[in-house]
Amino acid sequence: LGCQCIPKEDLEIELDTVLGQALVPIETSALISKQKRLAHDIVEMEVVPDKQIAFYPGQYADVECAECSAVRSYSFSAPPQPDGSLSFHVRLVPGGVFSGWLFGGDRTGATLTLRAPYGQFGLHESNATMVCVAGGTGLAPIKCVLQSMTQAQRERDVLLFFGARQQRDLYCLDEIEALQLDWGGRFELIPVLSEESSTSS
C-alpha cells in the first residue's frame, strides 16, 4: 500500500469487481430536508437531490457545502428510496468545518452539491456468515447494506460488532433491533466499548 511503502517503479493494480455494473458518478445540487439527532454527537442528514442518484448500498458521496467552504465524504446510511431522498450520518468533529456548520443550527433548506456514487464497499454474494465491524458512524454503510438485504429478503447469518467509546455513543439501536426482528437468519449484535467502566453491562 502507498500509505505503508514508497513505490520505486510503476505499479499494476488489479481489483476484484464486487458490486456489479459500474455506476458513473454524477454531480447535482441537493436541499437538506431534515436533520435528526441520533446521538449526542451524531446527526442524520436527509437531502433531496435535483437529479436522482443511483448507488449500491455501501457506497459514498462527496458532499460540498459552499456556505462553509468544505467538501466531505459520507456513506449513504439507507438504501435507495422511492422519492429519491438520500441520508447520511454526520458526527460532530471538534473544530470540524462542515460538522460544526451542520450542528450550529437548523440547516433545513440549505443547498449542497453532491457527487456520487463512489466506492467498492458492498455486499459479496455468498451464503457464509457476514461478519460486520463498525465503529461510530462507520455503522452507516453497514446499516444501509443490511436494510437492503431485508428488502430483497436475502437470508444470511450476521455478526455485527459495533464499536464505540461509551454506552451513550451507541446509536440506531432501535433500527438494528427492527432488523433483527425481520431477519431471516441469525443476527447477533455485539457492542464493543473502549472507555466504559468495568461495572457496566
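Going by the working numbering, the sequence shown wraps up at 648, each residue one higher than the last.
Every residue gets a Cβ at the ideal spot worked out from N, C-alpha and C, and that includes glycine.
- Where P496 is concerned, the enclosing beta strand (DSSP E) starts and stops at 489-496.
- Three or more Cβ pairs closer than 8 Å define a contact, and the region 592-605 falls short of that threshold against the region 539-550.
- In the same chain as Q594, and ignoring 5 residues on each side of it, the C-beta atoms closer than 6 Å to its own belong to P526, in chain order.
- Classified as exposed, R612 has fewer than 16 neighbouring CB atoms from the shown chains inside 10 Å of its CB.
- By the beta-carbon neighbour count (other beta carbons within 10 angstroms, threshold 16), E493 is buried.
- Restricting attention to beta strand (DSSP E) runs no shorter than 3 residues, the region 516-546 encloses them at 517-522, 533-538, ordered along the chain.
- In the three-state DSSP reduction, G585 falls in the helix class (H, G or I).
- In this structure V495 does not touch S516 by the C-beta definition: roughly 23 Å separates them, more than the 8 Å allowed.
- Within the same chain, and ignoring the five residues on either side of P504 in sequence, the residues whose Cβ sits closer than 6 Å to its Cβ are P526, C591, V592, S595.
- Here A563 is buried, its C-beta having at least 16 other C-beta atoms within 10 Å.
- According to the DSSP assignment, D509 belongs to the beta strand (DSSP E) that extends over 507-512.
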